[in-house]
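Written out below as structure tokens is the structure these notes cover.
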Amino acid sequence: MGFRKKQMVGFGLILLFLAILLSFMMVTLNNLKSSMTEIVENRYEKVQASMEIRQLFSRSDREILFAANDANKEERAESLEIINENHSLIESKIAGLSGSLQRVKAKQLLKEFETQYASYSITEAEIIQKIKSGNSSDDLSNLMDDQREKRKKVISTMDEFKDYQEGVMKDTLSNSKQTYEDMIGFVIFAVILSILVISVTVVWMIRSTSKDLQSITKVIKNIDFKNLSVVPRIPVRTTDEIGDIARSFNDMAESLETYNRKEKDFTDKISEQNWIQTRVADIATMYQRIVDVEVLADRFITRLAPMMGASIGAFYLKRGEGEDMRFVKLASFAGDGEDSGRREFRMGEGLIGQCALEKKSKVIDDIPEDFHLVTTGLGEVNPKSIVIAPVVFEDEVVAMVELASLEAFTKLQKHFLNQVLDTLGITINNVEGRMEIERLLQESQAQTEELQAQSEELQSQSEEMQAQSEELQTQAEELRMINEQLEERNRETEEKSKELQVAKQNLEKQAEELKLSSKYKSEFMANMSHELRTPLNSILILSEMLSDPNDSKLTEEQQEFARVINSSGQDLLTLINDILDLSKVEVGKLEVVFDEMNMSELPELLHRNFDHVAKKKNIDFIIEKDKNVPDIFFTDEQRFQQILKNLLSNAFKFTEKGYVSVQIKKADEENVAQWIQTKGASNWVEIKVKDTGIGISKEKQKLIFEAFQQGDGATMRKYGGTGLGLSICREFAKLLGGWVIVDSEEGQGSTFTLFIPSMPEGFKNVGEAIAASPEVAAANHDDSAAPFGDQGEPDAGMMDEEDRDKAKPFCNKTVLVVDDDHRNIFALKNALKHEGMEILTAENGYECLELLEKGNDIDVILMDIMMPGMDGYETMTRIREQSKFENLPIIALTAKAMKGDREKCLKAGASDYVSKPLKLDQLLSVLRVWLTN
């Protein structure tokens with residue numbers, strides 16, 4: 001509780017008791033006042049009123065007696081008037097008493113008095129009447145007797161009323177006396193209690209305050225002003241002003257301790273700095289007039305070791321440069337040469353050599369008693385602490401100092417050592433400079449003597465040279481003749497240079513012709529692709545329709561013929577794609593995109609695409625992948641998968657029994673380096689495709705990687721194929737920075753090994769491959785994203801009811817087929833009509849625009865690109881220029897699908913793009929998307 005609060009509580013209690021005492025006295029006095037007021041004003045007035053009524057009653061009674069017996073007529077009249085006035089006064093007095101009475105008995109007595117007085121008044125009235133009428137005295141005497149009886153009762157009742165009021169007044173007075181006595185007793189008790197409470201409160205206030213002040217005084221007396229590092233604290237027991245004084249004192253004590261501590265630290269630092277500066281100055285004085293580095297080393301280690309408290313020490317100076325650089329011991333302290341440490345060491349050799357290499361000091365503390373493994377400059381020692389420090393000059397270590405002590409080196413000693421070594425490097429350099437100057441001076445003197453001897457020799461040689469000059473003139477004439485011959489040869493050289501310039505121009509012309517020839521070849525390949533794909537488009541669509549067992553009316557044998565035709569067309573399409581791929585590789589324009597792929601998904605992908613082949617041929621298909629193969633691999637995923645597809649297709653094709661296995665593991669770079677350069681790859685993967693097939697003879701193993709080559713003619717006839725698969729594998733592997741090798745024995749199976757690098761930054765030697773050559777047709781456009789796609793065309797006869805339900809959007813839809821080839825129109829017309837669509841045809845762009853202008857309700861347009869007159873690009877552009885055909889779906893169809901044609905078609909106004917030869921389900925899927933939208 002606060003000091004101020006204590007005072008307020010103490011004086012508050014005193015005032016409270018005084019207020020209670022005064023309040024009780026006021027209440028008691030008020031009660032006394034009320035009692036006295038009742039006695040004086042109430043009871044006394046009632047007794048007085050009763051006395052006045054009695055007097056008036058007695059007077060009236062006398063006047064009646066006077067009027068009845070002795071009065072004359074005038075006196076009688078006056079007496080009657082007095083009786084009437086008294087009667088009125090008595091009634092008014094009775095009425096006043098009746099309104100002021102509170103007690104029941106008083107009211108009953110007054111009521112009884114009123115009744116008796118009323119009876120008396122009646123008798124009195126009869127007497128007055130008799131007196132006024134002059135009746136006989138007998139009648140009047142009877143009435144007077146009656147009046148006397150009633151008067152006695154009235155007086156008796158009035159006396160009883162008066163006596164009752166006087167009794168009540170006596171009781172009230174007695175109560176007032178008792179109240180007064182009680183008040184006197186309570187006042188005495190309250191005064192005594194107040195004195196006690198006030199005394200206790202004052203004692204409590206004084207005692208609590210003095211106790212806190214005594215504790216503060218005691219703490220202040222205990223302060224040692226000569227040693228302020230520890231100042232006693234005052235315990236803070238309260239939150240009052242005294243508590244604030246204690247807290248302020250404690251804060252002051254903490255400040256004094258902090259100041260004292262800082263002052264002591266400052267004094268210690270000044271002392272340490274003086275200690276360091278004194279010894280640094282001592283060593284600096286020692287450096288004077290030293291001109292030999294060995295003397296410097298000996299004096300330095302001899303002076304430094306005692307200052308550092310070291311028991312043993314060594315000084316090493318750098319000698320030599322480059323590979324011959326080493327640190328040689330020049331001086332030691334408390335040692336006898338070899339016993340005090342190593343004679344020399346190289347950079348990075350041992351702990352001292354490592355410190356020299358890192359240019360950092362090292363302190364070794366708490367060395368075990370049995371520690372003998374660390375080799376320092378001092379050898380195998382067992383001190384308590386070792387310090388190894390380099391001497392650096394211009395960021396180069398010029399010397400090493402090593403000290404050992406039986407006690408741990410202090411922080412002050414380490415700081416002193418650093419300051420000493422900071423100036424030692426400069427001193428060593430100065431001493432070595434002076435030594436070098438002295439050496440050069442000696443050499444200069446020796447050279448001066450030698451020059452004097454050489455001068456004499458030169459004089460004799462001058463005479464000889466004069467004779468040689470004449471000989472040189474003769475030689476100059478010979479040189480002139482040789483110079484003329486050189487000029488002749490120079491002219492011949494210029495003529496040959498002109499001939500080389502002409503040859504260069506011829507080579508440039510031939511290179512331009514070769515480039516033009518390559519362009520013509522590319523254009524020829526693109527045109528051949530178009531000419532081959534156009535009829536192939538009709539063959540594939542019609543054969544697919546004929547082979548559908550649900551829709552075809554052909555016999556089962558004829559449907560089989562149609563399936564054979566479709567399969568042959570697919571083989572022909574594959575051959576075209578392979579030839580185009582090989583052509584792109586030859587001209588160096590095959591697009592290669594290096595990006596990350598997930599190697600962990602490769603086994604599942606291979607199983608998904610070749611398990612059905614293994615099951616069909618009843619052979620095992622095994623895939624093994626090592627755990628150390630990285631999951632993220634950077635290569636062209638499309639070309640990589642194409643290589644594996646070709647290798648596995650060959651393995652399954654030439655294996656009749658046994659197994660085909662794929663082993664994926666991380667390749668050893670040294671093993672790969674014997675086949676191909678490994679620079680630039682983050683890591684290599686080795687994939688082995690092994691089979692138990694027919695195998696390949698040694699002499700045929702190089703031949704199989706050439707285009708259109710297989711092991712022999714019998715193999716081609718038995719197993720089929722074009723001989724392009726392995727050629728494409730090796731060319732693709734080269735583009736990806738890898739290589740393909742084969743290991744095989746005829747009749748024992750084959751193992752093809754693919755080495756492929758992970759190239760996060762791409763393969764820079766691939767060259768500019770952004771724009772593919774024009775002959776790149778749709779061979780890889782539609783299927784390139786999924787090299788491991790379906791292994792054949794879907795069988796049209798397997799379409800179920802759900803597929804037929806999806807064809808319902810084609811019913812009653814009108815399609816406009818724009819194509820200059822009647823075979824394509826025929827195939828598309830029959831295929832789409834079979835789906836319930838209405839077909840309109842046009843052979844060029846002009847006919848297409850005419851049909852649209854006629855207002856035909858056309859839902860979709862199939863637009864061929866290469867047409868005579870107006871091609872597909874121009875036709876689509878003109879259609880889109882008309883706002884009413886802005887949302888009409890247009891699907892571009894072309895067999896000459898060059899790189900960039902898709903973007904060109906979409907820019908011209910096509911809604912979608914499909915390359916020939918068309919896959920019927922693909923075309924229907926695209927139509928379904930645009931017709932439902």
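In full-length UniProt numbering, the protein residues as written are 1 to 933. C-beta atoms are modelled at their ideal positions from N, C-alpha and C, and glycine is treated no differently.
Q. Out of curiosity, what's the CA-to-CA distance linking E349 and F327?
A. By 1-based counting over the sequence shown, the position of residue 349 is 349. By 1-based counting over the sequence shown, the position of residue 327 is 327. Those two C-alpha atoms are separated by around 10 Å.
Q) Do I428 and L330 come within 8 Å of each other at the CB atom, strictly closer than that value? A) Reading the sequence shown from its first residue, position 330 is the one you call residue 330. Reading the sequence shown from its first residue, position 428 is the one you call residue 428. Contact: no.
Q) Between the stretch 350-357 and the stretch 390-400, do at least 3 Cβ pairs fall closer than 8 Å? A) Contact holds between the stretch 350-357 and the stretch 390-400, because three or more Cβ pairs, one in each stretch, are under 8 Å apart.
Q: Would you kindly work out how many angstroms separate the C-alpha atoms of Q129 and K150, rounded to a whole number?
A: Counting from one through the sequence shown, the residue named residue 129 turns up at place 129. Counting from one through the sequence shown, the residue named residue 150 turns up at place 150. As the crow flies, the alpha-carbon of Q129 is around 18 Å from that of K150.
(Q) Please report the distance separating the alpha-carbon of Y120 from that of K177. (A) On the sequence shown, position 120 is the one that residue 120 refers to. On the sequence shown, position 177 is the one that residue 177 refers to. In a straight line, the C-alpha of Y120 is about 42 Å away from that of K177.
(Q) Let me make sure I understand the geometry here. Which of K359, G872, V401, I386 has the alpha-carbon closest to that of I367? (A) By one-based count along the sequence shown, residue 367 stands at place 367. Per the Cα distances, I386.
Q) Are the beta-carbon atoms belonging to N812 and C729 less than 8 Å from one another? A) Sequence index remark: in the sequence shown, residue 812 carries index 812 (1-based). Sequence index remark: in the sequence shown, residue 729 carries index 729 (1-based). It is not a contact, given that the beta carbons lie outside the stated cut-off.
(Q) On the criterion of 16 or more Cβ atoms from any shown chain inside 10 Å, does K509 qualify as buried, or is it exposed? (A) Locating residue 509 in the sequence shown gives position 509, where the first residue counts as 1. The residue in question, K509, is exposed, as its Cβ has fewer than 16 Cβ neighbours within 10 Å.
Q. Does the beta carbon of I622 sit closer than 8 Å to a beta carbon anywhere in chain B?
A. Checking the listed chains, one finds no chain B in this structure; it contains a single protein chain.
Q) Just checking my contact of T894 with M759 at CB under 8 Å: how many whole Å lie between their CB atoms? A) Position 894 of the sequence shown, counting from 1, holds the residue named residue 894. Position 759 of the sequence shown, counting from 1, holds the residue named residue 759. 34 Å between Cβ atoms; not a contact.
Q: Could you pull out every residue in the same chain whose Cβ sits closer than 6 Å to the Cβ of E624, ignoring the five residues on either side in sequence?
A: Reading the sequence shown from its first residue, position 624 is the one you call residue 624. Q663.
**Q.** Buried/exposed call for K162, threshold 16 Cβ in 10 Å
**A.** On the sequence shown, residue 162 is found 162 positions in, with the first residue counted as 1. Only buried fits K162, as 16 or more other CB atoms lie within 10 angstroms of its CB.
**Q.** Cβ contact check for the stretch 220-237 and the stretch 259-275: 3 or more pairs under 8 Å
**A.** A contact is defined here as three or more CB-CB pairs under 8 Å, and the stretch 220-237 meets this definition with respect to the stretch 259-275.
(Q) Mapping the DSSP letters down to three states, classify K132 as helix, strand or coil. (A) To locate residue 132, count along the sequence shown from 1; it is residue 132. The three-state secondary structure of K132, taken from DSSP, is helix.
Q.
DSSP three-state label for D803, please.
A. One-based indexing of the sequence shown puts residue 803 at position 803. Only weak support exists for where D803 lies, its pLDDT of 47 falling under 50; the value from the coordinates is given anyway. Of the three classes helix, strand and coil, the one that applies to D803 here is helix, per DSSP.
(Q) The alpha helix (DSSP H) that contains G749, what's its start and end? (A) Start at 1 with the first residue of the sequence shown, and residue 749 comes out as number 749. Not the alpha helix (DSSP H): G749 falls in the beta strand (DSSP E), residues 749-758.
Q) Hey, M599 and D620: beta-carbon distance below 8 Å or not? A) For the purposes of this step, residue 599 is taken as residue 599 along the sequence shown, with counting starting at 1. For the purposes of this step, residue 620 is taken as residue 620 along the sequence shown, with counting starting at 1. Taking 8 Å as the cut-off, the Cβ atoms of M599 and D620 do not count as close.
Q. Straight-line CA distance for E344 to F300?
A. As a first step, residue 344 is located in the sequence shown; it is residue number 344 there, counting from the start. As a first step, residue 300 is located in the sequence shown; it is residue number 300 there, counting from the start. One alpha carbon belongs to E344, the other to F300, and they sit about 19 Å apart.
Q. Taking C-beta to C-beta, are I865 and D857 nearer than 8 Å?
A. Residue 865 sits at position 865 when you count from the first residue of the sequence shown. Residue 857 sits at position 857 when you count from the first residue of the sequence shown. In this structure, I865 sits away from D857, with a CB-CB distance that is not shorter than 8 Å.
Q) Taking the alpha carbon of E746 as the point to measure from, which residue in I756, S727, A733, K698 has its own alpha carbon closest? A) Locating residue 746 in the sequence shown gives position 746, counting from the first residue. Of I756, S727, A733, K698, the residue nearest in Cα terms is K698.
Q. From what residue to what residue does the alpha helix (DSSP H) around S661 run?
A. Reading the sequence shown from its first residue, position 661 is the one you call residue 661. Judged by DSSP secondary structure, S661 falls outside any alpha helix (DSSP H) and instead within the beta strand (DSSP E) spanning 659-666.
Q.
At the level of alpha carbons, what is the spacing between L18 and W204?
A. To locate residue 18, count along the sequence shown from 1; it is residue 18. To locate residue 204, count along the sequence shown from 1; it is residue 204. Annotation: L18 to W204 spans about 19 Å, alpha carbon to alpha carbon.
Q: Give the DSSP-derived three-state secondary structure of K384 in the structure shown.
A: In the sequence shown, the residue the question calls residue 384 occupies position 384. Under the three-state reduction of DSSP output, K384 falls in the coil class, being neither helix nor strand.
Q: Could you say if the stretch 730-749 and the stretch 684-704 meet the contact criterion of at least three C-beta pairs nearer than 8 Å?
A: Taking 8 Å as the limit for Cβ pairs, the verdict is that the stretch 684-704 does touch the stretch 730-749.
Q) In whole angstroms, what is the alpha-carbon distance linking S469 and E438? A) Mapped onto the sequence shown, residue 469 falls at position 469. Mapped onto the sequence shown, residue 438 falls at position 438. S469 and E438 have their C-alpha atoms spaced approximately 43 Å apart.
Q) When the Cα atoms are used, what is the spatial distance from M51 to E181? A) Stepping through the sequence shown from its first residue, residue 51 is reached at position 51. Stepping through the sequence shown from its first residue, residue 181 is reached at position 181. Roughly 33 Å separates the two Cα atoms.
Q.
If we require 3 or more residues per run, which beta strand (DSSP E) segments fall completely within the UniProt domain "Response regulatory" (814-931)?
A. With a minimum length of 3 residues, the continuous beta strand (DSSP E) runs that stay inside the UniProt domain "Response regulatory" (814-931) are 814-818, 838-842, 860-864, 890-894, 912-915.
Q | Opposing strand residues paired with G680 [DSSP bridges] | A | Residue mapping note: residue 680 aligns to position 680 of the sequence shown, counting from 1. None, per the DSSP bridge assignment.
Q: Spell out a yes or no on whether the stretch 78-88 and the stretch 96-110 are touching, meaning 3 or more CB-CB pairs, one atom from each, closer than 8 Å.
A: The stretch 78-88 vs the stretch 96-110: no contact.
**Q.** Length at least 3, wholly inside the stretch 280-344: the beta strand (DSSP E) runs in chain order
**A.** The stretch 280-344 contains these whole beta strand (DSSP E) runs: 312-319, 326-333.
Q: Report all residues from its chain with a CB closer than 7 Å to the CB of R207; omit the five preceding and five following residues, and keep chain order.
A: Taking the first residue of the sequence shown as 1, we reach residue 207 at position 207. So no residue of the chain qualifies.
Q | Cβ shell of V629 (< 7 Å), same chain only, five flanking positions each side left out | A | Stepping through the sequence shown from its first residue, residue 629 is reached at position 629. Scanning its chain for C-beta atoms nearer than 7 Å, with the 5 sequence neighbours on each side dropped, one finds around V629 the residues M599, I664, K665, K666, V685, in chain order.
Q: Return the Cβ separation of T875 and V818 in integer angstroms, given the expectation that the two are a contact with Cβ distance under 8 Å.
A: On the sequence shown, position 875 is the one that residue 875 refers to. On the sequence shown, position 818 is the one that residue 818 refers to. Right, the Cβ-Cβ distance comes to about 7 Å (below 8 Å), so this counts as a contact.
**Q.** For I94 and E114, the rounded distance between their alpha carbons
**A.** Start at 1 with the first residue of the sequence shown, and residue 114 comes out as number 114. Start at 1 with the first residue of the sequence shown, and residue 94 comes out as number 94. Each residue's Cα considered, the two are about 8 Å apart.
Q: Look at the Cβ atom of D820, then the Cβ atom of P868, and state whether they are nearer than 8 Å.
A: Residue numbering aside, residue 820 sits at position 820 when the sequence shown is read from its first letter. Residue numbering aside, residue 868 sits at position 868 when the sequence shown is read from its first letter. The criterion of a C-beta distance shorter than 8 Å is satisfied by D820 and P868.
**Q.** Counted within 10 angstroms of its Cβ, other Cβ atoms place F640 as buried (16 or more) or exposed
**A.** The residue given as residue 640 occupies position 640 in the sequence shown. Per the 10 Å Cβ criterion, buried.
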